[in-house]
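Q:
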Amino acid sequence: MNYYKNGESNAKLYTQPPYEVNEIGWGEFYLQVKIHFVDLTLSPISIVHFVKLNTDSDPNNIPPCVVNETYEEIIFKNPTVHFYNKFLQCNNTKIAPHKFQEHCTKKKKKKKNTKKIRN
């Protein structure tokens with residue numbers, strides 16, 4: 031089902047960071063993500079990502095963004111020597127936090143360090 035007007039395609043192509051999709055909507059659905067690598071010896075991989083554009087919060091207290099974090103991991107088994115060397119040479123420069131980062135990580139409450147005295 032295509033919800034875009036005028037028959038527009040809902041496929042998106044991102045070739046450089048940030049690999050971030052910004053859309054406005056409401057609902058929950060599964061999104062197919064296909065990752066192609068610059069190294070053509072590696073086959074593209076597909077992952078399914080659950081997207082949640084609505085919140086379970088109180089409708090009277092809606093947060094500025096909806097957060098539904100997941101963790102995806104890609105493991106390269108037996109990479110080619112060329113790929114492995116390129117991977118080790120990659121730039122590990124840290125990037126600035128995302129503008130909605132404060133909504134993404136739940137801060138754990140610290141327990142107070144108290145001692146109970148028994149009589």
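Residue numbering for the sequence shown follows this note's numbering, starting at 31 and increasing by one per position.
Ideal placement from N, C-alpha and C gives every residue a C-beta, glycine not left out.
Checking 8 Å against the spacing of the C-beta atoms, do residue 96 and residue 115 come in under that value?
A: As a position in the sequence shown, residue 96 is number 66, starting the count at 1. As a position in the sequence shown, residue 115 is number 85, starting the count at 1. No, the Cβ-Cβ distance between residue 96 and residue 115 is not below 8 Å.
Q: Short of 7 Å in beta carbon distance, which residues of its chain neighbour residue 119, apart from the five on each side in sequence? Order them along the chain.
A: As a position in the sequence shown, residue 119 is number 89, starting the count at 1. Result list for residue 119: empty, nothing under 7 Å.
Q: Using a Cβ-Cβ cutoff of less than 8 Å, which residues in the same chain neighbour residue 78 once the five nearest sequence positions on both sides are dropped?
A: The residue you call residue 78 lines up with position 48 of the sequence shown. 60, 61, 62 and 63.
Q: Is residue 79 helix, strand or coil when you go by DSSP?
A: For the purposes of this step, residue 79 is taken as the residue at position 49 of the sequence shown. If DSSP states are grouped into helix, strand and coil, residue 79 belongs with the strands.
Q: Measuring alpha carbon to alpha carbon, tell me which of 86, 81, 110 and 46 ends up nearest residue 101.
A: Taking the sequence shown and counting its residues from 1, the one referred to as residue 101 is at position 71. Answer by Cα proximity: 81.
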